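Student: Quick one: the structure is below, and I'll ask about it shortly.
In the working numbering, the protein residues as written are 10 to 158.
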């Protein structure tokens, strides 16, 4: 779905996290960053993915990665999701879809025979210079950390 690929500069973004703090790409300059886009907080697949990344958070940190989750959920829903599953990384509440559209992960989807627009579950690995080093479009929600590390 996204046309972004390894070697492309990551789109610059700025959005509010679950606590109302502004987070932007520039905050991670000099660090490696995993940005994962998920359709909806607290749904089974999204929970499995977020918890798999949480369970491997120490490994990510040891290898110099920060993690950022993004969906179009409200800040309150993101906050509930983060608290319920004790997620150690920020979740962006991208209700106006600026970040989602910048990374080109919004578009037509099919579920149980119905077509609708939504977020395509996609993960971007961004290097210290803000360049995309990997785009993962076939996310294995229960084993996502292994796809990245």
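For each residue, glycine too, the CB sits at the ideal point set by N, CA and C.
Predicted, not measured: the structure shown is a model, and the values here were computed from it.
1. Taking the alpha helix (DSSP H) that residue 15 falls in, what are its first and last residues?
2. From which residue to which residue does the alpha helix (DSSP H) around residue 7 run?
3. Can you round the beta-carbon distance between residue 27 and residue 88 to whole angstroms, since I take them to be within the 8 Å contact cut?
4. If we ignore side chains and look at the alpha-carbon of each, how far apart do residue 63 and residue 18 end up?
5. So residue 102 is in the alpha helix (DSSP H); what residue range does that whole segment cover?
6. According to DSSP, is residue 75 part of a helix, a strand, or is it coil?
7. Kindly confirm or deny that the region 85-99 and the region 113-125 touch, where touching means at least three C-beta pairs closer than 8 Å.
Tutor: Short version:
1. Per DSSP, residue 15 belongs to no alpha helix (DSSP H) and is neither H nor E.
2. The requested residue 7 does not occur in the structure, where the chain is confined to residues 10 to 158.
3. Contact annotation, residue 27 with residue 88: C-beta distance approximately 4 Å; criterion of less than 8 Å satisfied.
4. Answer to the nearest angstrom: the Cα atoms are 26 Å apart.
5. For residue 102, no alpha helix (DSSP H) run applies; the uninterrupted beta strand (DSSP E) run containing it begins and ends at 100-102, by DSSP.
6. Of the three classes helix, strand and coil, the one that applies to residue 75 here is strand, per DSSP.
7. With a cut-off of 8 Å on Cβ pairs, the region 85-99 is not in contact with the region 113-125, counting fewer than three such pairs.
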